[in-house]
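Residue numbers 1 to 48, in this note's numbering, belong to the letters of the sequence shown in order. Cβ atoms here follow ideal geometry from the backbone N, Cα and C, with glycine treated the same way. Source: prediction; values computed, not measured.
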Amino acid sequence: MNFTILSSVMTVISMIAFIGILYWAFSSKNKARFEELAQLPQDNENGK
1 MNFTILSSVM
11 TVISMIAFIG
21 ILYWAFSSKN
31 KARFEELAQL
41 PQDNENGK
């Protein structure tokens, strides 16, 4: 297998992984969890 084919395969795998991460980050089932985690720094400042 030459370098061109290997490079193409790695590019496709990387793009699939990137799209998977985007899907996970913006899926609606994670929204409540991410909103709760976003409040943690403010809760720590208020002593909660």
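Annotation: the continuous alpha helix (DSSP H) that includes Lys31 extends over Lys31 to Ala38. For Met1, no alpha helix (DSSP H) encloses it, and the DSSP letter there is neither H nor E. Taken through DSSP and simplified to helix, strand or coil, Ser27 comes out as coil. One alpha carbon belongs to Ile13, the other to Trp24, and they sit about 17 Å apart. CA-to-CA, the gap between Met1 and Leu40 works out to about 49 Å.
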